[in-house]
Amino acid sequence: MNRSDYLKTPDVIAFLEWAEPFVTGECPIDHTWNSPKWKTRHYAKLFDAYKGYEWKFSVDLPDNGRSEGKCYNETVAFLNTQKEQLQKSRKREDNAGFVKAADAVLRWGHVYQSQALSGLGEEAMSHLTANVDRLDPARADLDGFAGLKPMSAGFSKLYALLVPDFPIFDSRVACALASLVRLFCHEQSLEAVPETLKIDVPQDRATVTRDPSCKHFRFERISSGSTTRYARSNVMAAWLLGKLARHSPFSAQSDPLHALQSAMFMVGYAPLARRCQ
64 MNRSDYLKTP
74 DVIAFLEWAE
84 PFVTGECPID
94 HTWNSPKWKT
104 RHYAKLFDAY
114 KGYEWKFSVD
124 LPDNGRSEGK
134 CYNETVAFLN
144 TQKEQLQKSR
154 KREDNAGFVK
164 AADAVLRWGH
174 VYQSQALSGL
184 GEEAMSHLTA
194 NVDRLDPARA
204 DLDGFAGLKP
214 MSAGFSKLYA
224 LLVPDFPIFD
234 SRVACALASL
244 VRLFCHEQSL
254 EAVPETLKID
264 VPQDRATVTR
274 DPSCKHFRFE
284 RISSGSTTRY
294 ARSNVMAAWL
304 LGKLARHSPF
314 SAQSDPLHAL
324 QSAMFMVGYA
334 PLARRCQ
């Protein structure tokens, strides 16, 4: 199933119509979560979550410099710099330069000493770039991910810089998106999550459990090594979020998809509890 066919399915159409008011702000989310590290956060609307985006990072760079920040604009500036380095390295066929930029992105995401990346050795650039076409939301097919490696929350961050219109898909973004699907299923009195909306959720690394499952609305966890399932859910998220990001106020941002993904990241610290039964 490609993007065109996916977005035409009745369940997907119904979900996107239902979710639109959450994006526009017509329907508030009123979501609060508590963390010993991040304190209490409350977001009345998804756009509030985007404006309140925070991710503290401090990354040593290959040129002996250092990049630090925590707000949205600082994150975007850092990632754009690394994206440029990845693109330049590809053109020069410079695997070492490519790996340095990729490692900086992983450390920005608090993925340290990535054995998966270092294990690719001199084939790192070729392995990752070989997957670009297969993951491209404009051309991807949900049945075309067999044998696609590597794929994980860390590598999703890299593909987001290599693949057009491809969102980062970590446990927080997945938790937020799957929570909306769960609420949709509940409000529509469905008996189970429709196949086209079954988004698998990556394993979380924090102490909080990010499993949005509720009674008979279940979402499978992505275990280590389940690269095909990870790619499938990441592309489904790209299609859904890409469509939703076209609505105001996110559509007015310089990168609507990244802005909406960042909002989902903030509300996805823990499952959305609104109307959960």
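Residue numbers (the working numbering): 64 to 340. C-beta: ideal position from N, C-alpha, C; glycine also. Keep in mind that this is a model prediction, so the values were computed, not measured.
Asked	Found
Within 10 angstroms of its Cβ, does A107 collect 16 or more other Cβ (buried), or is it exposed?	exposed
Quick check: what's the CA-CA separation for G160 versus P319?	29 angstroms
What residue range is occupied by the uninterrupted beta strand (DSSP E) comprising G132?	R129 to G132
Could you give the distance in angstroms between the alpha-carbon of R66 and the alpha-carbon of A201?	7 angstroms
Measure the CB-CB distance between P312 and G115 and report whether it falls below 8 angstroms.	no
Does N143 come out as helix, strand or coil in the three-state DSSP assignment?	helix
If you draw a straight line from the alpha carbon of T272 to that of A239, how long is it in whole angstroms?	12 angstroms
In the DSSP assignment, what are the bridge partners of K102?	S98
What residue range does the alpha helix (DSSP H) around D318 cover?	Where D318 is concerned, there is no enclosing alpha helix (DSSP H), given that its DSSP letter is neither H nor E.
Have a look at Q251 and L149 and give me their C-alpha separation to the nearest angstrom.	44 angstroms
Exposed or buried, which one is K343 when buried takes at least 16 other CB atoms within 10 Å?	An answer regarding residue 343 cannot be provided, because it is not within the stretch 64 to 340 covered by the chain.
Give the straight-line distance between the Cα atoms of R284 and P99, rounded to the nearest whole angstrom.	25 angstroms
Report the residue from E185, L211 and G182 whose alpha carbon sits nearest the alpha carbon of V195.	L211
Using a Cβ-Cβ cutoff of less than 6 angstroms, which residues in the same chain neighbour L335 once the five nearest sequence positions on both sides are dropped?	H94 and S242
By Cβ distance, which residues of its chain are closer than 6 angstroms to C248, with the 5 residues on each side in sequence left out?	V256 and F280
Among all the DSSP beta bridges, which residues are the ones paired with F280?	C277
Residues bridged to D123 by DSSP?	R129
Which residue from A294, S189, G128 and A237 puts its Cα closest to that of V207?	The displayed chain sequence assigns Gly, not Val, to residue 207. Of A294, S189, G128 and A237, the residue nearest in Cα terms is A294.
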